[in-house]
Amino acid sequence: MQDDIDRVLFDEAEILRGIDRVAAEVVAAYEGKEFTVVSVLKGSCVFASDLIRRLPIPLELAFVAASSYGDRTEGGDVKVNFFPAEKEIAGRSLLLVDDILDTGRTLHCLKNELLSRGAASVGTCVFLDKPSRRSVEFEADFRCFEVENLFVVGYGLDFAGRYRNLPYVGALRSEVYERELQAAERSGS
Ligand code: IMP
Ligand code: MG
């Protein structure tokens with residue numbers, strides 16, 4: 000797995016420093032308010048679990064599952080696989096937490112869906128932000144790090160379902176995804 004990584008962008012110590020900084024911003028914004036952290040599965044599970052343990056204020060936790068269509072490095076249509084129960088959304092202040100803000104389609108779609116299901120407000124917090132890739136106008140309220148236009152894996156982020164368990168964020172070697180795309184084309188998927 001390590002051999003597929005071209006270079007490490009953020010190591011464990013740097014990640015935790017970034018989360019500490021964002022956690023302080025979230026606490027300043029939500030202290031004294033009732034709110035729910037909504038972790039976007041699967042990618043944000045690692046980030047969300049580190050983040051919430053650095054928020055020493057009352058909060059609830061919920062999950063939403065979304066996927067961009069397919070295993071490719073280019074996002075397709077957003078598919079929402081499940082929502083929190085209605086009572087976890089209606090009238091609540093939500094903080095959507097995701098691994099990476101890329102084209103912006105996932106968070107744009109989820110924010111609108113949650114508001115239309117009655118959320119009182121929907122803030123957004125992302126571990127990584129790739130502003131150069133945006134295809135819809137969308138900015139996160141909180142973000143840990145900006146990244147250049149590279150495909151990154153680790154710390155929850157996957158390629159074709161793998162690498163989420165790497166404790167750091169690394170750039171995937173281009174040969175790895177080219178190999179995978181060729182295999183997918185050969186199998187006709
Ligand atoms: P969106 O393009 O902003 O909708 O991002 C959708 C999803 O694409 C993210 O939640 C990630 O799961 C995935 N994604 C985007 N860029 C990367 C990347 O560099 N590595 C791994 N996953 C990514
Ligand atoms: Mg993903």
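Using numbering that gives the first Met the number 0, read the sequence shown as starting at 0 and increasing by one per residue. Note that beta-carbon positions come from the ideal geometry of N, C-alpha and C, so glycine has one too.
CB of residue i within 8 angstroms of CB of residue j, strictly
i, j, result
"residue 39", "residue 65", "yes"
"residue 58", "residue 99", "no"
"residue 150", "residue 92", "no"
"residue 4", "residue 161", "no"
Assigned secondary structure, residue i (DSSP; H/G/I helix, E/B strand, else coil)
i, result
"residue 46", "helix"
"residue 101", "coil"
"residue 159", "coil"
"residue 41", "coil"
"residue 2", "helix"
"residue 78", "strand"
"residue 15", "helix"
"residue 180", "helix"
"residue 113", "helix"
Spatial neighbours of residue i in its chain, beta-carbon cut-off 8 angstroms, leaving aside the 5 residues before and after
i, result
"residue 55", "26"
"residue 9", "17, 144, 154, 167 and 168"
Cβ shell of residue i (< 6 angstroms), same chain only, five flanking positions each side left out
i, result
"residue 70", "Note that residue 70 scores a pLDDT of 46, beneath 50, so its modelled location is shaky; the value from the coordinates is reported in the next line. Only 159 meet the Cβ criterion."
"residue 179", "159"
"residue 146", "127 and 129"
Beta-bridge pairing of residue i - partner residues as DSSP gives them
i, result
"residue 108", "Paired residue(s): none; residue 108 is not in a bridge."
"residue 92", "34 and 120"
"residue 67", "77"
Chain-order list of residues whose beta-carbon lies under 7 angstroms from that of residue i (same chain, five-residue window excluded)
i, result
"residue 114", "121"
"residue 96", "36, 37, 38, 39, 43, 46, 47, 50 and 124"
"residue 141", "21, 24, 25 and 124"
- Item | Minimum length 4: unbroken alpha helix (DSSP H) runs contained in the region 127-152 | none
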